[in-house]
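2 protein chains.
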Amino acid sequence: MSPSPVDPDVDRGYIVPVGGAEDKVSDIDILRRFVALAGGRAARIAIIPTASMLADTGSRYEELFRGLGVGAADALGYQTRADTSRADWMALLEAATGIFITGGNQLRLSTILGGTDVARMIRRQNAHGTHVGGTSAGAAILSEHMIAFGKEGSTPLAGGASLAPGFGLSNRVIIDQHFRQRDRLGRLLGSLAYNPFAIGIGLDEDTAAFINAEDSIEVVGSGAITIVDVSALTHSSMATARENEPICMIGVKLHILTNGAIYDMRTRTASPPKADKELT
Amino acid sequence: MSPSPVDPDVDRGYIVPVGGAEDKVSDIDILRRFVALAGGRAARIAIIPTASMLADTGSRYEELFRGLGVGAADALGYQTRADTSRADWMALLEAATGIFITGGNQLRLSTILGGTDVARMIRRQNAHGTHVGGTSAGAAILSEHMIAFGKEGSTPLAGGASLAPGFGLSNRVIIDQHFRQRDRLGRLLGSLAYNPFAIGIGLDEDTAAFINAEDSIEVVGSGAITIVDVSALTHSSMATARENEPICMIGVKLHILTNGAIYDMRTRTASPPKADKELT
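So the protein lines, in turn, are chains A and B. So the number in my numbering is just where the residue sits in the first sequence, counting from 1, plus 26. So the number in my numbering is just where the residue sits in the second sequence, counting from 1, plus 26.
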């Protein structure tokens, strides 16, 4: 799906993919920052725990967000496509100032919510200023094309990454998560090689990309974001490589960005964290 | 150590780092190619199994090379620094048309042979036209700076890679091996970040870089070579990041090169395999 049209008088809400494990560290900076964007004490957070098979994921995030002082935090426990017609949950989505999608299996998100009014509402709300975050599977689902599954390792292999349609809040990016922890550069490269229009965002755990309305990314967290830019690719063997063969890719640009660094997706330029000294 | 001066009338021999496991596949293309360079039936191969703790590594490579029809293949079983004074082995090194260094632990190579006449002889022979190959640890040792050990994962971490002096046949590269199989992009990036002068060569298993006298690399094998070029780095937090923090690196160039692709280290340009169709 493509992003909903943006009202020229209203900024799109932030899109905040998180690399996973943001709830497992003591200081939960990323969620605190998300809450601040969503209005702090006035924030109304709708939580979508559908990706998870654990019964307590929704209530755990309710507690996390309430612990950060929000006005309301409600888990919408969509388990089937029929659930998506619940009017009470739809009202909570519509009233939300922040929507947060938990981790689990991104194919549960796409198969249960894809093409429903819930996915449409999330997209429309984001276009009208509601901030939408997601962690792990919830990060992957945010873009138009998402990685459904793939092979580990740094070298891209033909057929080594499988794409599926996501919720489509952004059509500029392909997101991968647990990036360093699960060795996923190869599958991200392979995903981008299918069609080099998108920017690859590889998110380490406890690390988030805060993407503003101008498509500028700020890195928040203790890990790194690997930006993969294949727009200047001069050669790719993607179309001719046989299954499981490595893909030849010439001209990949890579930026490893840490807390405070900025990447402007429109100009495709990176700026270091202000705290860093310049390279001498 | 730096490379020995090259006689202007003689081409430097090939330098052939291999990513490991080149002996475990049925067709051993890489060793066959190495033997052809070294003279085929007239080839005299000196094998250095010092990195390995297995007693039969030397004899196994003798058999492999003899199976490829060479004129002579002799393992020089250096186990101690005292062994390096053996005149019979030095004579074999001097007569060799190809020298092959097996896998194991690169710190055994550097600690047992570093600074000895054996290391000097290997360097001098290469400068005078003898081809020198090495696999795994034997690949790492070929360059001036080698990765002694490091952490897995695609994101570079401060202190995540430790360098040690190698044999110094080339001072243009830092080599890493088992690249895809052991998830080593981060430690290669971190190694290059110390001083961005070198070109990073990440070798998948069963994949070799045939580096000719003009410092042009041809890829041979079933995997890929990841070329990491940090010469255009505009920012690095290497000097300021604390231990185990991710390193911010802006402006990394990456090429994933497969069998038949060429990388010219002097111009830092890559060419696709002739067999590949151009990107359309």
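From the three backbone atoms N, C-alpha and C, an ideal C-beta is built for every residue, glycine too. Since the model is a prediction, treat every value here as computed from it, not as a measurement.
- The alpha-carbon separation between Tyr-87 of chain A and Thr-83 of chain B amounts to approximately 56 Å.
- Taking the Cα positions, Ala-187 of chain A is about 13 Å away from Gly-226 of chain A.
- In the structure shown, Asp-232 of chain A adopts coil according to DSSP, grouped into three states.
- Under the three-state reduction of DSSP output, Ile-273 of chain A falls in the coil class, being neither helix nor strand.
- In this structure, DSSP gives Phe-193 of chain B a state outside helix and strand, which the three-state scheme calls coil.
- When C-beta atoms of the stretch 263-281 of chain A are compared with those of the stretch 230-245 of chain A, fewer than three pairs fall below 8 Å, so the two segments do not count as touching.
- Every beta strand (DSSP E) stretch that sits fully inside the stretch 136-189 of chain A and reaches 3 residues is listed by chain position as 157-161, 171-176.
- Annotation for Ala-62 of chain B: the continuous alpha helix (DSSP H) segment containing it runs 55-63.
- Pro-222 of chain B places its beta carbon 8 Å or farther from that of Leu-283 of chain B.
- Met-291 of chain A sits buried, since 16 or more C-beta atoms from the chains shown fall within 10 Å of its C-beta.
- Take Glu-231 of chain A, set aside five residues on each side of it, and the residues of its chain with a beta-carbon closer than 7 Å to its own are Gly-45, Gly-46, Ala-47, His-204, Gln-207, Gly-249, in chain order.
- With 16 or more other CB atoms across the displayed protein chains lying within 10 angstroms of its CB, Leu-168 of chain B is buried.
- Contact holds between the stretch 68-75 of chain A and the stretch 93-102 of chain A, because three or more Cβ pairs, one in each stretch, are under 8 Å apart.
- Interface with chain B (8 Å Cβ-Cβ cutoff): Leu-229 of chain A is excluded.
- For Ile-74 of chain A, not one C-beta of chain B is nearer than 8 Å to its own C-beta.
- Around the beta carbon of Arg-268 of chain B, fewer than 16 other beta carbons sit within 10 angstroms, so the residue counts as exposed.
- About 6 Å separates the beta carbon of Ile-148 of chain A from that of Phe-193 of chain A, a gap short enough to meet the 8 Å contact definition.
- Residues of the same chain with a CB within less than 8 Å of the CB of Gly-95 of chain A, apart from the 5 flanking positions on each side, are Val-61, Gly-66, Arg-67 in chain order.
- Taking all protein chains shown into account, Ser-28 of chain A has fewer than 16 neighbouring C-beta atoms within 10 Å of its C-beta and is therefore exposed.
- For Phe-175 of chain B, no CB of chain A lies under 8 Å from its own CB, so it is not counted at the interface with that chain.
- For Ile-251 of chain B against Thr-233 of chain B, the beta-carbon gap comes to about 6 Å, under 8 Å, which counts as contact.
- Contact fails between the stretch 179-186 of chain A and the stretch 150-165 of chain A, because fewer than three Cβ pairs, one in each stretch, are under 8 Å apart.
- The criterion of a C-beta distance shorter than 8 Å is not satisfied by Val-144 of chain A and Thr-123 of chain A.
- Closer than 8 Å to the CB of Gly-277 of chain A there is at least one CB belonging to chain B.
- Chain B has no Cβ within less than 8 Å of the Cβ of Thr-293 of chain A.
- What Ser-217 of chain A touches in chain B, judged by beta-carbon distance under 8 Å, is nothing: the nearest beta carbon there is about 14 Å away.
- Cα atoms of Asn-285 of chain A and Thr-142 of chain A: separation of roughly 36 Å, rounded to the nearest angstrom.
- Residue contact with chain A for Gly-164 of chain B: absent (no Cβ-Cβ distance below 8 Å to any residue of chain A).
- The alpha carbon of Arg-92 of chain B has as its nearest neighbour, out of B:Lys-279, B:Pro-299, B:Arg-58, the alpha carbon of B:Arg-58.
- Taking the Cα of Ala-121 of chain A as reference, the smallest distance to any Cα among A:Gly-277, A:Thr-156, A:Arg-210 is reached at A:Thr-156.
- Annotation: Cβ neighbours of Thr-252 of chain A in chain B (cutoff 7 Å, chain order): Ser-180, Thr-181.
- Residue contact check for His-261 of chain B against chain A: a CB pair falls below 8 Å.
- The Cβ-Cβ distance between Leu-63 of chain A and Ala-165 of chain A does not fall below 8 Å.
- Nearest to Asp-202 of chain B by C-alpha distance, out of B:Tyr-220, B:His-154, B:Ile-253, B:Leu-195, is B:Ile-253.
- Contact between Ala-77 of chain A and Leu-118 of chain A is ruled out by a C-beta separation of about 18 Å, above the 8 Å threshold.
- Short of 7 Å from the beta carbon of Lys-300 of chain B, and not among the five residues preceding or following it, lie these beta carbons of its own chain, in chain order: Gly-286.
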